[in-house]
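If you're matching them up, the sequences are chains A and B in order.
For the first sequence, position 171 matches number 171 in my numbering, and the numbering has no gaps at all.
For the second sequence, position 355 matches number 630 in my numbering, and the numbering has no gaps at all.
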Amino acid sequence: MATLEIEDLHVSVEGKEIIKGISLQVSKNEVHALMGPNGSGKSTLSFALAGHPKYTITSGKVLFKGEDLLAMPPDERARAGLFLAFQYPAAVPGVTVGNFLRTAVNAKRAGGKVLKAITGKDAEAAGKNGNQISAREFLKILKENMRTLSLKEDFAFRYLNDGFSGGEKKRVEILQMAVLKPELAILDETDSGLDIDAMKTVAEGVNRLVGPSMGALVITHYQRLLNYIRPQIVHVLMEGKLVTSGGPDFAQELEARGYDWIRQKFGIATPVAAA
Amino acid sequence: MTTAEETRMSGLTAEGFAALQKFRAGEPAWLAESRKRAWDLYQKLPMPTRRDEEWRRVDLRALRLSDIAPFAESIGKVTSLSALTGPVKSRVDLGPHAAGTLIQHNSEDIYESLDEDLRKQGVVWCGFDRAAREHEDLVRKYYGSIRPATDGKFVALHYAFQSGGTFLYVPAGVHVDVPLRSLVFADAPGAGLFPHTLIILERDASLSYFEERTSERPASGAGRQNLVSSAAEIHMADGAQIRFMSLQDFDTETFNFTSEKTIGRERAQVAWLTAELGGRLNKGNIDCDLTGKGGRCELLGLYYINGRQQSDIVTLLTHKAPHTEGNILYKGVCDDYARSGFRGRIVVETAAAQTQSFLADHTMLLSDKARSDSVPTLEIEANDVICKHAATIGEISAEELFYLKSRGIPEVLARKMIVLGFYEEVLKGVPAAALQERVRRALQIKFELHQEDSPGE
Ligand SMILES: Nc1ncnc2c1ncn2[C@@H]1O[C@H](COP(=O)(O)OP(=O)(O)OP(=O)(O)O)[C@@H](O)[C@H]1O
Ligand SMILES: [Mg+2]
Numbered sequence: 001m002a003t004l005e006i007e008d009l010h011v012s013v014e015g016k017e018i019i020k021g022i023s024l025q026v027s028k029n030e031v032h033a034l035m036g037p038n039g040s041g042k043s044t045l046s047f048a049l050a051g052h053p054k055y056t057i058t059s060g061k062v063l064f065k066g067e068d069l070l071a072m073p074p075d076e077r078a079r080a081g082l083f084l085a086f087q088y089p090a091a092v093p094g095v096t097v098g099n100f101l102r103t104a105v106n107a108k109r110a111g112g113k114v115l116k117a118i119t120g121k122d123a124e125a126a127g128k129n130g131n132q133i134s135a136r137e138f139l140k141i142l143k144e145n146m147r148t149l150s151l152k153e154d155f156a157f158r159y160l161n162d163g164f165s166g167g168e169k170k171r172v173e174i175l176q177m178a179v180l181k182p183e184l185a186i187l188d189e190t191d192s193g194l195d196i197d198a199m200k201t202v203a204e205g206v207n208r209l210v211g212p213s214m215g216a217l218v219i220t221h222y223q224r225l226l227n228y229i230r231p232q233i234v235h236v237l238m239e240g241k242l243v244t245s246g247g248p249d250f251a252q253e254l255e256a257r258g259y260d261w262i263r264q265k266f267g268i269a270t271p272v273a274a275a
Numbered sequence: 276m277t278t279a280e281e282t283r284m285s286g287l288t289a290e291g292f293a294a295l296q297k298f299r300a301g302e303p304a305w306l307a308e309s310r311k312r313a314w315d316l317y318q319k320l321p322m323p324t325r326r327d328e329e330w331r332r333v334d335l336r337a338l339r340l341s342d343i344a345p346f347a348e349s350i351g352k353v354t355s356l357s358a359l360t361g362p363v364k365s366r367v368d369l370g371p372h373a374a375g376t377l378i379q380h381n382s383e384d385i386y387e388s389l390d391e392d393l394r395k396q397g398v399v400w401c402g403f404d405r406a407a408r409e410h411e412d413l414v415r416k417y418y419g420s421i422r423p424a425t426d427g428k429f430v431a432l433h434y435a436f437q438s439g440g441t442f443l444y445v446p447a448g449v450h451v452d453v454p455l456r457s458l459v460f461a462d463a464p465g466a467g468l469f470p471h472t473l474i475i476l477e478r479d480a481s482l483s484y485f486e487e488r489t490s491e492r493p494a495s496g497a498g499r500q501n502l503v504s505s506a507a508e509i510h511m512a513d514g515a516q517i518r519f520m521s522l523q524d525f526d527t528e529t530f531n532f533t534s535e536k537t538i539g540r541e542r543a544q545v546a547w548l549t550a551e552l553g554g555r556l557n558k559g560n561i562d563c564d565l566t567g568k569g570g571r572c573e574l575l576g577l578y579y580i581n582g583r584q585q586s587d588i589v590t591l592l593t594h595k596a597p598h599t600e601g602n603i604l605y606k607g608v609c610d611d612y613a614r615s616g617f618r619g620r621i622v623v624e625t626a627a628a629q630t631q632s633f634l635a636d637h638t639m640l641l642s643d644k645a646r647s648d649s650v651p652t653l654e655i656e657a658n659d660v661i662c663k664h665a666a667t668i669g670e671i672s673a674e675e676l677f678y679l680k681s682r683g684i685p686e687v688l689a690r691k692m693i694v695l696g697f698y699e700e701v702l703k704g705v706p707a708a709a710l711q712e713r714v715r716r717a718l719q720i721k722f723e724l725h726q727e728d729s730p731g732e
């Protein structure tokens, strides 16, 4: 049984069908790449899997570790071990990276039960109480992870994504992944906006985690990232369907030849905007 | 009947005023006269109605003045904090470390302490009623000078029934860096409270001050209304600095009227934060005049109201001298049927060239039945000034909420984080971590209690 099993999934946004029947299986130890033209539905698929309320599943099935993923609210999906690195992460002013991530770790430890108090003395007490992680203990873990991602320590005390550069946001997404240790990570264009060094750092961050305890679905437009994170398989998504796939070097071919030949081969109409 | 009982039995009426006069017999003549003048004025002034612009959003029809006693007795003086028990004690424990503490229970001071070093340096810090007797010259000179009874119906009511409050005098060049703390705690049902805060900072003096007002009434008092009408007057000489922070958390049967004003002279620096959480109605008037060159004023505020609470805040910052800087920033959250109004005004007078001043207020509505409205005004009479305003009303951002949930944080916790995070910009404006933390805790507790009342979405 694969960790993530998607079966004939259809997704609509505002009444319009965007994902038109996708089946895909991703297991731990595996990296799948997902490529495809702008607007083909890559982010829609990610949001639908993460449980964004705007995206309606009209039919199909998704199992996560054998359980019905679609029946879970978004926070439960995350606690079960699903992680989405957003293409455009939201800024949350007033909530620091450190406090946010520690709350997320403790929410997972508490199994989604709402425990009181997230600041001050009570937060310290929470550390001594049961399996909640204390501020001090957590800060140590956070700082170690920040160091490996070349993020300055002050990021722990900055407001989440508030005023972060594009590249900083992407690195903080990977930081969250490293701290939360998911079993399946979807990375939606985590490479876009990164300089060459940052891309390497981020790829190393992903590679450290992919293995017996994590699988990944990596969405990208460029083969460069896939030089660092080697996928076993590259899927092509067009017009809401997986039209074809190839081995690890397929990305190179796509980058060289574009998508038109695939459109012709599989009889997919050329979108007006791209003409 | 003793005079104390008489006052407790009467209302905010002619009879009640007479009872209070009798009860306060022996206070300095000038104070008794000021009381009498204020009472006469109060009777002449009409009760505000919704036709008055400043009272447009406030519902006073339910207020039953004749049911509210002018005075409520305390438990009596205590000589040490360890003598306190129950809710007062727990409020004391919640507070930051303080260099001096003043506790008022109902209408009377019950405890005062001040760091010995500060006392030696000439700092005076005591209950207002004692100050009126022992520091008569100073009190008489400043009392009612910048917030006169003529400022409005409820200000007149304050001066008529005044009892309790604090007096603070900081001599030239003396720094009070660890906060002085004033706690007003009310538990008498059906009571009126009229504390007066008078603060005088001499040249280059500095002060950190934390004021907390709260109540917890017995269940037997349910249905009784309470009223607080307080005034604060803060005088700042050249180069004086103040960090003033107040937290109001009265029960929801209390009508709370506050009227506060600061005058800052040359290079005076004012950092003022008010946090309003309680009250059935909270009507606040907060003004600051910068009358000397190089003065700065930061008026910060936050409120969080739910149920059927109402809040209406009017702030006025007046620049009267050149090279002054001002900033007004308010953030409020309304849930359930709560209603809020905010009227911020900045006036830059002709003399105040090269002035910079900003006005912003942001409101978050957590329910579709909550209402808020904001009236920002800038009046600029000088040249060469920078003056701007901004106002927003919004709700919790769905994208922020989804982002937090996508990391495993349950909805109620995610909402709490976003709401509390909303206030951070304001809290950060007061450079005293322990005071920030106290307000954060109060917000958190109120939010959590509300969650328990209405589980689920
Ligand atoms: N919330 C939304 N509201 C309206 N339309 C949407 C929404 N989300 C996606 N769409 C539409 O669905 C289609 C697929 O969008 P999606 O973001 O999934 O594409 P993508 O493959 O991720 O593209 P890109 O490579 O540019 O990131 C687009 O036509 C887009 O406009
Ligand atoms: Mg996308």
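Glycine residues also receive a C-beta, built at the ideal position from the N, C-alpha and C atoms.
These numbers were taken from a predicted model, which means no experiment stands behind them.
Note on geometry: alpha-carbon atoms of I509 (chain B) and A347 (chain B) lie some 26 Å from one another. No Cβ-Cβ contact shorter than 7 Å links P470 (chain B) with S504 (chain B). Closest in C-alpha terms to I19 (chain A), from the list A:G39, A:S27, A:P248, comes A:G39. Ranked by how close their Cα comes to the Cα of L679 (chain B), the residues A:D260, A:Y88, A:L101, A:L63 have A:L101 in first place. The alpha-carbon separation between A294 (chain B) and L565 (chain B) amounts to approximately 40 Å. When beta bridges are read from the DSSP output, D562 (chain B) appears opposite B:K536, B:L591. In the three-state scheme derived from DSSP, where H, G and I count as helix and E and B as strand, A71 (chain A) is classed as helix. When the beta-carbon positions are compared, A407 (chain B) and L316 (chain B) stay at least 7 Å from each other. Distance from the CA of E144 (chain A) to the CA of H32 (chain A), rounded to the nearest whole angstrom, comes to 28 Å. Contacts between E674 (chain B) and chain A, judged by CB atoms closer than 7 Å, involve A90 in chain order. Within the model, the alpha-carbon separation for V398 (chain B) versus H410 (chain B) is close to 12 Å. Between the alpha carbons of T103 (chain A) and I684 (chain B) lies a distance of about 7 Å. Nearest to G607 (chain B) by alpha-carbon distance, out of B:T527, B:K536, B:L702, B:E573, is B:L702.
If you ignore the 5 residues before and after G167 (chain A), its C-beta comes within less than 7 Å of the C-beta of G193, L194, D195, A198, all in its own chain and listed in chain order.
Those residues of the segment 186–220 of chain A placed with their C-beta closer than 8 Å to a C-beta in chain B do not exist.
Between V97 (chain A) and L335 (chain B), the alpha-carbon positions lie close to 45 Å from each other. According to the DSSP assignment, R136 (chain A) belongs to the alpha helix (DSSP H) that extends over 135–148.
Collapsing the DSSP output to three states places D191 (chain A) in coil. Judged by the Cβ position, K54 (chain A) qualifies as a neighbour of ligand 1 at the 6 Å threshold, a heavy atom of the ligand being closer than this.
Taking 7 Å as the cut-off, the Cβ atoms of Q500 (chain B) and I603 (chain B) do not count as close. Inclusion of G41 (chain A) in the 6 Å shell around ligand 1 follows from its C-beta lying nearer than that to a non-hydrogen atom of the ligand. Not a single C-beta of chain B is nearer than 7 Å to the C-beta of P182 (chain A).
Among the CB atoms of chain B, none fall inside 7 Å of the CB of A48 (chain A).
Contact of S365 (chain B) with chain A is not assigned, every C-beta pair being separated by 7 Å or more.
Remark: the C-beta of E14 (chain A) is in contact range of ligand 1, defined as less than 6 Å to any heavy atom.
In this structure the segment 60–71 of chain A does not lie against the segment 245–261 of chain A, because fewer than three pairs of beta carbons, one per stretch, are closer than 8 Å.
Considering only beta carbons, the part of the segment 693–715 of chain B lying closer than 8 Å to chain A consists of I693, L695, G696, F697, Y698, E699, E700, E712, R715, in chain order.
Judged by DSSP secondary structure, T201 (chain A) falls within the alpha helix (DSSP H) whose first and last residues are 196–209. Taking CB atoms only, A178 (chain A) has no neighbour in chain B less than 7 Å away.
Residue-level contact by beta carbon fails for V172 (chain A) and chain B, as no gap is shorter than 7 Å. In this model, L653 (chain B) and E153 (chain A) are separated by some 41 Å (Cα to Cα). Residues of chain B with a Cβ closer than 7 Å to the Cβ of G112 (chain A) are, in chain order, P685. With contacts defined by Cβ atoms closer than 7 Å, L548 (chain B) and V705 (chain B) form a contacting pair.
7 Å or more divides the Cβ of I22 (chain A) from the Cβ of L34 (chain A).
Contact check for L184 (chain A) and M214 (chain A): beta-carbon distance about 7 Å, within the 8 Å limit, so the pair qualifies.
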